[in-house]
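Residues in the sequence shown are numbered from 651 upward in steps of one, following our numbering.
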Amino acid sequence: MQTPTFGGKRYFVTFIDDKSHFCVVYLLRNKSEVAAKFAEFVAFAETQTGKRVQTLRSDNGGEYTSGAMAKFCADRGIVQKFTPPYTPQLNGVAERMNRTLVECARCMLEHAGLPKTYWGEAVMTATFLRNRCPTRAISHDKSPHQVWTGKKPLLANLKVFGCHAYVHVPKAKRTKFDARSVRCRFLGYSEHEKAYRFEELESSRVL
Numbered sequence: 651m652q653t654p655t656f657g658g659k660r661y662f663v664t665f666i667d668d669k670s671h672f673c674v675v676y677l678l679r680n681k682s683e684v685a686a687k688f689a690e691f692v693a694f695a696e697t698q699t700g701k702r703v704q705t706l707r708s709d710n711g712g713e714y715t716s717g718a719m720a721k722f723c724a725d726r727g728i729v730q731k732f733t734p735p736y737t738p739q740l741n742g743v744a745e746r747m748n749r750t751l752v753e754c755a756r757c758m759l760e761h762a763g764l765p766k767t768y769w770g771e772a773v774m775t776a777t778f779l780r781n782r783c784p785t786r787a788i789s790h791d792k793s794p795h796q797v798w799t800g801k802k803p804l805l806a807n808l809k810v811f812g813c814h815a816y817v818h819v820p821k822a823k824r825t826k827f828d829a830r831s832v833r834c835r836f837l838g839y840s841e842h843e844k845a846y847r848f849e850e851l852e853s854s855r856v857l
């Protein structure tokens with residue numbers, strides 16, 4: 651991405667489970683981080699599903715052919731399969747996913763009236779939503795999240811990206827005369843817990 655996020659991230663990488671089409675996205679400062687993020691994904695996937703990652707299918711980008719990636723895959727017995735050069739159609743699932751996430755993120759930014767520096771938050775939110783939408787690629791009535799976890803996703807907590815909200819300030823973090831809530835902007839969903847991500851409008855601090 652030409653415009654970095656507030657955290658200095660310029661790239662994102664997607665890892666997609668072939669069976670469920672469940673997608674995990676990581677934001678990156680440099681493409682050299684891909685090997686470390688893949689190791690993180692493998693640990694997450696194997697813990698969540700109880701199954702081992704056996705194959706990594708990718709293009710011939712340097713981030714996938716690096717020594718660090720080759721060593722990690724060899725040590726874990728993961729087979730790397732590369733598509734031939736200049737044949738993105740052979741890596742269609744990943745190519746379509748990246749395009750879908752970018753288009754969805756672009757629409758959310760435009761609807762919220764937010765600048766491009768929020769693209770990272772928008773892409774992560776697009777991923778969260780896409781994982782919870784049924785897709786004909788796997789089933790007419792099941793989402794990637796349901797196939798991945800075996801549970802139907804909870805949809806009652808969905809919010810509009812970029813909408814304004816008032817977030818409660820816990821008693822321990824305010825005095826008697828402080829406001830009980832702060833005005834914020836909704837930026838998506840927490841990765842590892844049932845919580846939202848907000849940006850405090852006055853300070854631009856992410857809560």
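Using N, Cα and C, we set each Cβ at its ideal position, and we do this for glycine too.
Remember, predicted model here, so these are calculated numbers, not experimental data.
Contact check, residue i vs residue j, beta carbons under 7 Å
i, j, result
"residue 747", "residue 666", "yes"
"residue 832", "residue 856", "no"
"residue 663", "residue 687", "yes"
"residue 767", "residue 656", "yes"
"residue 759", "residue 744", "no"
"residue 692", "residue 703", "yes"
"residue 798", "residue 670", "yes"
For residue i, the first and last residue of its enclosing beta strand (DSSP E)
i, result
"residue 714", "Element bounds for residue 714: not the beta strand (DSSP E) but the alpha helix (DSSP H), 712-715."
"residue 706", "705-708"
"residue 855", "That residue, residue 855, is in no beta strand (DSSP E); it is neither H nor E in DSSP."
Simplified DSSP state of residue i, which is helix, strand or coil
i, result
"residue 818", "strand"
"residue 763", "coil"
"residue 652", "coil"
"residue 754", "helix"
"residue 782", "coil"
"residue 768", "helix"
"residue 833", "strand"
"residue 675", "strand"
"residue 727", "coil"
"residue 722", "helix"
"residue 746", "helix"
Other residues of its chain near residue i: CB distance less than 7 Å, five sequence neighbours each side excluded
i, result
"residue 723", "706 and 730"
"residue 805", "782"
"residue 728", "703, 704, 705 and 706"
"residue 739", "none"
"residue 711", "none"
"residue 787", "671"
"residue 653", "766, 767 and 769"
Span of the alpha helix (DSSP H) around residue i
i, result
"residue 599", "No statement about residue 599 is possible, as the shown extent of the chain runs from 651 to 857 and does not include it."
"residue 663", "No alpha helix (DSSP H) contains residue 663, which is instead part of the beta strand (DSSP E) from 661-666."
"residue 790", "Residue 790 -> no alpha helix (DSSP H), and no H or E assigned at all."
Close beta carbons around residue i, own chain, < 6 Å, minus the five adjacent residues each side
i, result
"residue 684", "663 and 713"
"residue 775", "811 and 838"
"residue 735", "710"
Sequence-distant residues of its chain with Cβ nearer than 8 Å to residue i (five each side left out)
i, result
"residue 803", "781, 782, 793, 795 and 796"
"residue 716", "682, 684 and 685"
"residue 848", "815, 817, 834, 835, 836, 837, 856 and 857"
Cβ distance (whole Å) where residue i is taken to contact residue j below 8 Å
i, j, result
"residue 851", "residue 835", "6 Å"
"residue 709", "residue 741", "5 Å"
"residue 751", "residue 777", "6 Å"
"residue 659", "residue 763", "In fact, because the Cβ distance is near 21 Å, the residues do not count as touching under 8 Å."
Any C-beta of chain C under 7 Å from that of residue i
i, result
"residue 727", "Looking at the structure shown, chain C is missing, and only one protein chain is on hand."
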